[in-house]
Every structure is written in structure tokens, then in C-alpha cells.
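Have a look at the structure below before the remarks.
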Amino acid sequence: MSVIINSPLFGILLTLVAFEIGVLISQKFKYSFLNPLLIGNILIVGFLLITGISLESYNVGGDYISVMLSPATVVLAVPLYRQIQKLRQFWKPILAGIFAGSLTSIGCVIFFSKILGLSNTLMLSILPKSVTIPMGSVISEQIGGIPSVTIIAITVTGITGAVTAPAVCKFFRIKHKVAQGIAIGTASHALGTTRAMEMGEVQGAMSSLSIGIAGLFTAVIAPLLTAL
Amino acid sequence: MRIPLQLAVIFAICIAGEVLHRIVGVSLPGNIIGMVLLLILLCTKIIKPEHISGVSGFFLKHLALFFLPPSIAIMAVGDDVLSKWPLLLFLCIALTIITIAMGGWVTQFLVRRQEYRENLALRAERLAKRAAAKGESSGGKP
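In order, the protein sequence lines correspond to chains A and B.
So the first sequence is numbered by our numbering: it starts at 173 and just counts up by one.
So the second sequence is numbered by our numbering: it starts at 1323 and just counts up by one.
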């Protein structure tokens, strides 16, 4: 048994199988809350809990896939490049929109944490929840949060964005393709972007553009607002 | 380009981003610097999108897969976090929706205002041209 668990291929195989089952289920039932990432997460956590295999053993292989987050972020430049005309045309509204979204996210976390009596550490941990994982975990560490809690908050936020984005845009009458993409990317980083890409190339590109800029704004705003 | 070479290019850009972050001290994370680097290479036509389409297509198509392993860290959180999970879950979901609405509204308002102004300017220009043309043609008659 330990031979299997100690192989990096175990974690990789488990991840691939769980993800593909997630994709199959989400394609078959078409409910948007049945997100492949959410299903995959539940399957893997369930499997590890039932078999008693530790998170460390899983990560021997899981880390190989996590490493690929970096190249996966880098190639987001491709859809961005295809839409560079739109960025040049609307750069002022785009920057203003991303700034407004980031400020809203951070401000609301602080406001509601104080009202609901959340501990300071937890508040700081979920503060960068709208930022992409590699940026958010660094910001969390800098301001005094717990990075692993931040990663989960970011994932939940991303799934929420991926699941609800079309309905939220419809409900709040956000119809312009550029505005839809910016809103989704600013609120729910690369995970929301996966859904934005399904909505259209413009939305996908605007969403992937927002990821880095929202992260940058958050990295600057968060320490300032928490100092108040 | 063949797939191994495409991968090599993308990984090299990742490492360049990491180097700029760690050694030069650019405050953005390495992968975001890498994204900017690739964008610059594309804009300057040093790399064409079709050169790396095999690898970029693969990563973009299966983007969510790469978030799955980090999300499993949810198993390792302490009791102090676990006891607050309904509240944290509610906050994350509610605030995501508020953020989408706010970011979307502000962007849409400003984009539409800009489009409206550009349209007005375009129309004014056309009217001016037409008036000028009219003026010329009537002015030419004795």
C-alpha cells in the first residue's frame, strides 16, 4: 500500500480521475453548481478521509499539478493579446471598474467581519479572497492571515463566481460584454474566468486581464485599509 | 513549434517571471510577471499566438484542473476555522455576488458613457462634413 501512496503518480492519478468524474457529472446534469472543481474536491477529500491517507501523501503527486498553475496563468496572455484592441479602447473604464470591484471586496470583508464578530486573523485570511491563488496566498501572509484558509476562501469565491456569474450579470443588468468580463475576473479570478470564457471570447479575455490587475490593486489597498 | 519546444518556451517565461520577482524585486508574483512578459513578446511579434497554440490551448481548456490540488488543503484547517465555516462560506458567496455587481456596474456605466460620447463626436463630425460639402456645392453656383 505504501508503495502506491508514496509514488507521485498516486496523487496525480487521483486528481485526474476525480476531475474527469467531475467533468462527466457536470456535463450530464448541466446544473451550474455541479462544478468539476467542487465535485473533484469533494471526491478527493472523501477518498482521503475514508482510506485514511494523509494530505502529505496526496500532495507528493498533487504538487506536480499545482506547479502547473504558473504556466497556466502565463498563457492567459494569449486570449488577452487577441482582445488587445478592446483593452486599448476602454482602458479607463476597465481600470476604474477593477478598482471599484477590488475596493468593494476588501471593504465588505472588513465591514462584515467587524459586524459578525469574526476574529482578526480570519478576517485577514479571507481579505484577498477575490485574488488568484498564487497572489492571494502571498498577500495573506504579508498582512498576517493564514494562507491555507485563504486558498480555500479563494476557491469558494472562484466556484461561486463560476457558478453564479451568468445569473448575477442578468439580475444586475450587466449586459456589456466588457463589463461582464471585468466583473467576473475582478470578483472570482481565474476560476470565474473559466466560466467567462464559456460566455464568450471578449468576456474571457477581459476576465483574464482583470486577474492580475485586481491582484495588484488588492496588494496595494489591503495593507492600507487594514492599517486603519 | 513542436509541443516540447512550446512547453520549454512557456516554462522559461515562468522562470524569468520568478527571477524578476525574487532577484530584481518586482512586487507582483512571478506568474503574473510571466503573463505580462508573454503579452509583451506577443505584442512585439517575437512570439506569434500560433507558435504556442498547442500548449496554451491545453492549459486554457483545462484551467480548473490545476486548482484542484491546492483546494484539497481544506482538509488541514484547524477547529477554530471549522467552527466558523457557515459564516465564512456565507461571506465568500455573498461578497462575490456584491463584487461582481459593483465591478460590472462601474465598468458598464463608464464604457457606455465613452461609447455614447464617441458616437456623438462621430455624428458631429459627419454633420460637419456634410454641411461643408453642402456649403461648397451651393457656394460654387453663381
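By construction, the Cβ of each residue, glycine as well, lies at the ideal position given by its N, Cα and C atoms.
By the Cβ criterion, the stretch 1354-1364 of chain B is in contact with the stretch 1325-1341 of chain B, since at least three pairs of Cβ atoms, one from each stretch, lie closer than 8 Å. Residue 300 of chain A and residue 228 of chain A have their C-alpha atoms some 25 Å from each other. Taken through DSSP and simplified to helix, strand or coil, residue 371 of chain A comes out as helix. Under the three-state reduction of DSSP output, residue 179 of chain A falls in the coil class, being neither helix nor strand. Fewer than three Cβ pairs drawn from the stretch 244-257 of chain A and the stretch 1394-1411 of chain B lie within less than 8 Å of each other, which leaves the two stretches out of contact.
Relative to residue 307 of chain A, the option among A/389, A/175 and A/185 whose CA is nearest is A/389.
Residues of chain B whose Cβ lies closer than 8 Å to the Cβ of residue 264 of chain A are, in chain order, 1432 and 1436. Cα atoms of residue 247 of chain A and residue 1456 of chain B: separation of roughly 54 Å, rounded to the nearest angstrom. Inclusion of residue 1432 of chain B and residue 268 of chain A in the CB contact set at 8 Å is warranted, their separation being smaller than that value.
Neighbours of residue 352 of chain A in chain B, taken as residues at a C-beta separation under 8 Å, are given in chain order as 1426.
Looking from the CA of residue 265 of chain A, the closest CA among A/352, A/279 and A/327 belongs to A/352.
Excluding five sequence positions before and after residue 208 of chain A, the CB atoms of its chain that fall closer than 7 Å to its own CB belong to 191, 194, 195 and 198, given in chain order. Between the alpha carbons of residue 1370 of chain B and residue 282 of chain A lies a gap of roughly 44 Å. Counting C-beta pairs closer than 8 Å gives fewer than three between the stretch 329-349 of chain A and the stretch 215-229 of chain A, which falls short of the contact rule. In this structure, the CA atom of residue 383 of chain A is about 9 Å from the CA atom of residue 270 of chain A.
Chain A places no beta carbon closer than 8 Å to that of residue 1366 of chain B, leaving this residue out of the contacts.
Rounded to whole angstroms, the Cβ separation of residue 297 of chain A and residue 312 of chain A is 6 Å, and the two are in contact under 8 Å. Among the CB atoms of chain A, none fall inside 8 Å of the CB of residue 1405 of chain B.
Residue 296 of chain A: member of the alpha helix (DSSP H) spanning 292-298, first to last residue.
Interface with chain A (8 Å Cβ-Cβ cutoff): residue 1346 of chain B is excluded. Taking a Cβ-Cβ cut-off of 8 Å, residue 223 of chain A has no neighbours in chain B, whose nearest Cβ is about 13 Å from it. Chain B places no beta carbon closer than 8 Å to that of residue 390 of chain A, leaving this residue out of the contacts. Residue contact check for residue 1371 of chain B against chain A: a CB pair falls below 8 Å. A direct Cα-to-Cα measurement between residue 1451 of chain B and residue 1380 of chain B gives close to 51 Å.
Between the stretch 237-247 of chain A and the stretch 366-374 of chain A, the count of C-beta pairs closer than 8 Å stays below three; the two stretches do not touch. For residue 1325 of chain B, the nearest beta carbon of chain A is not closer than 8 Å to its own beta carbon.
Here the C-alpha atom of residue 387 of chain A lies approximately 7 Å from the C-alpha atom of residue 304 of chain A.
In the structure shown, the three-state DSSP call for residue 322 of chain A is helix.
Annotation: residue 338 of chain A has no Cβ neighbours in chain B at a cutoff of 9 Å; minimum Cβ distance is about 10 Å. If the five residues before and after residue 183 of chain A are omitted, its C-beta is found closer than 7 Å to the C-beta atoms of 230, 231, 232, 233 and 234, all from its own chain and listed in chain order. Taking 9 Å as the Cβ-Cβ cut-off, the stretch 264-278 of chain A approaches chain B at 264, 265, 266, 268, 269, 270, 271, 272, 273, 274, 275, 276 and 277, given in chain order. Chain B places no beta carbon closer than 8 Å to that of residue 398 of chain A, leaving this residue out of the contacts.
Counting only runs of 4 or more residues that sit fully inside the stretch 1384-1426 of chain B, the alpha helix (DSSP H) segments are 1390-1393 and 1401-1404, in chain order. Taking a contact to require three or more Cβ pairs closer than 8 Å, the stretch 322-332 of chain A and the stretch 1432-1444 of chain B do not qualify as touching.
Taking every protein chain shown into account, the CB of residue 367 of chain A has 16 or more other CB atoms within 10 angstroms, so this residue is buried.
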